[in-house]
Amino acid sequence: MAINTDKGSAIYSPLVLKLYDTWVLGISNRFAWKCSTHEVLLPFFRRNVGLRHLDVGVGTGFYPCHAGLSQQTQITFMDLNPSSLKAASIRFGRGSTKTILHDVMTPLPAQEGGGYDSISLFYLLHCLPGNISDKGIVLSNLKSHLLPNGRLFGATILGDSANHNAFGKKLMTIYNRKGIFGNHCDTAEGLKAELEKHFASVNIRVEGKVALFEASNS
Ligand SMILES: C[S@@+](CC[C@H](N)C(=O)[O-])C[C@H]1O[C@@H](n2cnc3c(N)ncnc32)[C@H](O)[C@@H]1O
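Residue 20 in the numbering used here sits at position 12 of the sequence shown, and the numbers go up by one each step.
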């Protein structure tokens with residue numbers, strides 16, 4: 009039976025997207041997930057983003073929009089939710105930005121893919137249903153769209169074994185119950201093992217309750 013991926017994206021209505029940066033990138037990252045948006049996540053995005061870049065699970069487009077990207081950088085946005093794609097492309101403000109409405113759990117149509125220097129998955133994997141090996145399908149769907157020396161990178165909120173504080177536990181319970189998150193069992197070790205099935209070089213570090221990962225085949 010196909011996995012239902014709608015719940016992890018349906019919540020991102022235009023209204024929720026208006027509140028997203030304050031609630032998730034401001035309050036939750038600071039007080040629940042203990043991983044600073046400006047001191048950790050944004051520098052990590054800047055360090056890894058390449059000239060032809062695919063951002064998957066775009067939300068409000070915060071990272072590409074705040075990374076200070078050169079005019080040469082070509083961004084493609086991919087998301088299952090049209091409101092996220094619209095919000096991110098309007099904010100990015102470059103008319104030529106390509107958007108792909110697509111579920112990352114299913115293979116990308118051949119005509120949409122190919123030739124990226126980098127692919128980012130920020131706060132996407134914890135929104136997907138299933139255990140970490142079910143989510144490995146995402147890596148298999150995306151890796152063939154990287155150039156030989158391209159890299160995939162991202163960040164994801166870890167599951168119950170990350171020892172969340174009271175605020176984090178509350179959010180984890182509510183979000184997992186509603187299907188907004190599907191990360192109760194996600195661990196950094198499990199994610200590393202999945203990445204290593206697809207990439208020769210894998211780096212993971214944990215900051216607060218968030219795993220930051222970089223993977224390539226070069
Ligand atoms: C938590 S937001 C992350 C936004 C942004 N990357 C950030 O870190 O601020 C998750 C995004 O992933 C999208 N998403 C969730 N499930 C998806 C799926 N199966 N395929 C593609 N996008 C998905 C949601 O619509 C939403 O835009």
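Every residue, glycine too, gets a C-beta built ideally from N, C-alpha and C.
Might you give, ordered along the chain, the residues of its own chain that have their beta carbon closer than 6 Å to the beta carbon of L88, omitting 5 neighbours on each side?
If we look at L88 and ignore the five residues flanking it on each side, its Cβ neighbours are S17, D111.
Give the single residue among G58, T45, N12 whose Cα lies nearest to the Cα of Y28.
T45
DSSP beta-bridge partners for A223?
L160, V210
Return the chain-ordered ranges of every beta strand (DSSP E) run that is complete within the stretch 15-97 and spans a minimum of 3 residues.
60-64, 82-87
Leaving out the 5 sequence neighbours to the left and right, which residues in its chain are closer than 7 Å to L154 when beta-carbon positions are compared?
Y124, I127, L160
Give the secondary structure of S128 by DSSP, where H, G and I count as helix, E and B as strand, and everything else as coil.
strand
Whose C-alpha, out of I19, A170, R54, is nearest the C-alpha of G162?
R54 is the residue among I19, A170, R54 whose C-alpha sits nearest the C-alpha of G162.
Tell me, which residues are paired with T107 by DSSP?
Bridge pairing for T107: F85 [DSSP].
By how many angstroms is the C-alpha of M113 removed from the C-alpha of I145?
6 Å
Please identify the residue among G76, M180, D168, S141 whose C-alpha is closest to the C-alpha of E202.
S141
Can you give the Cα-Cα distance for I83 and I108, rounded to whole angstroms?
11 Å
Nearest by alpha-carbon distance to N149: which of F221, P117, K26, V24 is it?
P117
In three-state DSSP terms, what is L154?
strand
Does ligand 1 have even one heavy atom less than 7 Å from the beta-carbon of T84?
no
Under the criterion of a Cβ to heavy atom distance below 7 Å, does C135 qualify as lining ligand 1?
yes
With hydrogens ignored, establish whether the beta-carbon of T13 is closer than 7 Å to any heavy atom of ligand 1.
yes
Less than 8 Å between C-beta atoms, sequence neighbours within five positions excluded: which residues of the same chain meet that for F100?
G69, P72, C73, I83, F85
State the Cα-Cα distance for the pair Y131 and G67, rounded to the nearest angstrom.
9 Å
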